[in-house]
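Scroll down for the structure; my scribbles are underneath it.
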Amino acid sequence: MQVTLEATTDASCTLKQTTPSQSVSFTLPVAKDVLLDGLVGFLAQPEVTESQIDDIMVTQNRDGIFLHAGGGKFHLSWPFAIALAIEA
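With the first letter of the sequence shown counted as 1, position 57 gets the number 1140 in our numbering; the numbers rise by one all the way through.
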């Protein structure tokens, strides 16, 4: 499995999860750099279980984090969430 984060416009970005059998895209209404900065801040505080990054709600559980936007959510397991934070 591969997870990537791409800037779509100045005000949005897209998370893409790709496996050999499928591909899932989830567009978030926040700039890529703002999202990455927010994720780094969120992950730096393990006692915090939820946070807001612009219009995105971020929650965590034992398996990883969820990014909630609009009517949907995207799950990032811990290895992928940490890899995105390191990218920042």
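We put the beta carbon where it would ideally sit given N, CA and C, even for glycine.
Assigned secondary structure, A1152 (DSSP; H/G/I helix, E/B strand, else coil): A1152: strand per DSSP, three-state reduction.
Selected residue, minimal CA-CA separation from P1129, among A1164, A1090, E1089: Between P1129 and the set A1164, A1090, E1089, the nearest pair of CA atoms involves A1164.
Delimiting residues of the alpha helix (DSSP H) encompassing E1170: From DSSP, the alpha helix (DSSP H) with E1170 extends over 1161 to 1170.
Beta-carbon contacts of F1125 that lie in its chain and below 7 Å, excluding the five residues immediately before and after: Within the same chain, and ignoring the five residues on either side of F1125 in sequence, the residues whose Cβ sits closer than 7 Å to its Cβ are V1131, S1134, V1141.
Pick from I1148, P1112, A1127 that is closest to D1093, judged by C-alpha positions: Measuring from the Cα of D1093, the nearest candidate turns out to be P1112.
C-beta atoms of K1115 and S1106 nearer than 9 Å: The answer is no: Cβ separation not under 9 Å.
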